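Asker:
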Amino acid sequence: MHVSESEIKSILTRSSGYLRTVCSHSLQGYRGCSFGRALCGVGCYVQHNSWLTRGEAWGSFLEVKINAAEQYLRQQHKERKWAENNRGRFAIFMSSSTDPFVPHEDRYGITRQVLEAMLEAPPDLLILQSHSHRVAMYIELYKHLAEGCELRIHLSIESDRDRLPGLPPPASSVAARLEAAATLKAAGLRVVITMAPLLPIADPPAWFSRVARCADAVVIDHFIGGDGSKQGQRTLRTALPAAIAAIDQRCLALDYRDQMLRVAKNYLPGRVGVGISGFAGNYS
Ligand code: SF4
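Residue numbers (the numbering used here): 4 to 287.
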């Protein structure tokens, strides 16, 4: 992993494409992701963004934006006004192309510094999105933040399985992530489990029953329709479909998402979201 530091001129990116309905801005404290060589990195949509990877292999680099918090405070007033005029409210998604809780966060504290800056100047909505149980490490900070803005913590757990045949292990085990979700929820924070992309579930009733206890809602998204390409073409070029098919070929079809939605609704009535609409906070 090649780690570098940079001073950036801007940290708030006005949302476009699929994120447009979810938030007014995205915020990435890092460029690249230390989890790129873990299970989630295999199908990670960000690896196809050549502007972001700049020719480097996904999971091989991490650029630390060391002045992220300072830039947030500098930009937020102007960007809030733009968001209010153009998107209704100042809503930040953190993060869409990295994980805010990569191990290097211990050394650099970029996410912590940005969250502290948000205590001073909160957005209207903050969605914290992570693949790691480490999301629970700033729980006291979240409690303060939730007093000043709507805070939603999205924790990605795509399946009840830790391993898919032939693929690397996850950065954080399913059990550790579920425990983190339960801890955050018990602290009164709003927690959503995001299953995106949905992977084969070994025991759907048992899984959604556990999710119902640990989280406020669940969002299910299939790589078909969810990876930003026609018919999931981007994901079909990765090793993920073969690993899914080795467990159950039927999970490759969009019908599998609809089957899982039906099971989820039995255990989380009114708390199930689908696709980008679910990421935007719409549940039924
Ligand atoms: S944590 Fe997110 S950004 Fe990082 S590799 Fe996994 S899916 Fe991609």
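Positions of the beta carbon are idealized from the N, C-alpha and C atoms, including for glycine.
All figures in this text were calculated on a predicted structure; none of them were measured in a lab.
In or out: Pro208 buried (at least 16 other Cβ within 10 Å) or exposed?
Answerer: Looking up residue 208 in the sequence shown gives position 205. Under this definition Pro208 is an exposed residue.
Asker: Starting from Leu30 and walking both ways along the beta strand (DSSP E), at which residues does that stretch end?
Answerer: Numbered from its first residue, the sequence shown carries residue 30 at position 27. Element bounds for Leu30: 28-30.
Asker: If Leu220 and Lys188 are in contact, beta carbons under 8 Å, what's the gap, nearest whole angstrom?
Answerer: Within the sequence shown, residue 220 is the residue found at index 217, counting from 1. Within the sequence shown, residue 188 is the residue found at index 185, counting from 1. Leu is not the amino acid found at residue 220; the sequence shown has Ala there. Rounded, the Cβ-Cβ distance is 11 Å, inconsistent with contact.
Asker: Between the alpha carbons of Glu59 and Ser99, how many angstroms are there, rounded?
Answerer: Locating residue 59 in the sequence shown gives position 56, counting from the first residue. Locating residue 99 in the sequence shown gives position 96, counting from the first residue. Roughly 18 Å between the two C-alpha positions.
Asker: Can you determine whether any heavy atom of the ligand SF4 sits closer than 7 Å to the C-beta of Gly235, and answer yes or no?
Answerer: Working through the sequence shown from its first residue, we reach residue 235 at position 232. Every heavy atom of the ligand SF4 is 7 Å or more from the Cβ of Gly235, so no.
Asker: Span of the alpha helix (DSSP H) holding Phe211?
Answerer: If you number the sequence shown from 1, residue 211 lands on position 208. Element bounds for Phe211: 207-217.
Asker: Assign Asp165 to one of two classes, buried (16 or more other C-beta atoms within 10 Å of its C-beta) or exposed (fewer than that).
Answerer: Taking the first residue of the sequence shown as 1, we reach residue 165 at position 162. Counting Cβ neighbours within 10 Å, Asp165 comes out exposed, since fewer than 16 surround it.
Asker: Would you identify the three-state DSSP class for Gly35, choosing helix, strand or coil?
Answerer: Taking the sequence shown and counting its residues from 1, one reaches residue 35 at position 32. Three-state result, Gly35: strand.
Asker: Which first and last residues belong to the beta strand (DSSP E) in which Met121 is found?
Answerer: In the sequence shown, counting from the first residue as 1, residue 121 sits at position 118. Careful: Met121 lies outside any beta strand (DSSP E), inside the alpha helix (DSSP H) at 113-123.
Asker: Within 8 Å, do at least three Cβ pairs link the segment 47-55 to the segment 103-123?
Answerer: No: the two stretches stay apart, fewer than three of their Cβ pairs being nearer than 8 Å.
Asker: Counting only the same chain and skipping the five closest in sequence on each side, list residues whose C-beta sits under 6 Å from that of Tyr75.
Answerer: Position 72 of the sequence shown holds residue 75. The answer, listed in chain order, is Ile14, Val117, Ala120.
Asker: In three-state DSSP terms, what is Lys68?
Answerer: The residue given as residue 68 occupies position 65 in the sequence shown. Strand at Lys68.
Asker: Using a threshold of 8 Å, state whether the C-beta atoms of Ile95 and Leu30 are closer than that.
Answerer: Taking the sequence shown and counting its residues from 1, the one referred to as residue 95 is at position 92. Taking the sequence shown and counting its residues from 1, the one referred to as residue 30 is at position 27. Contact flag set, yes.
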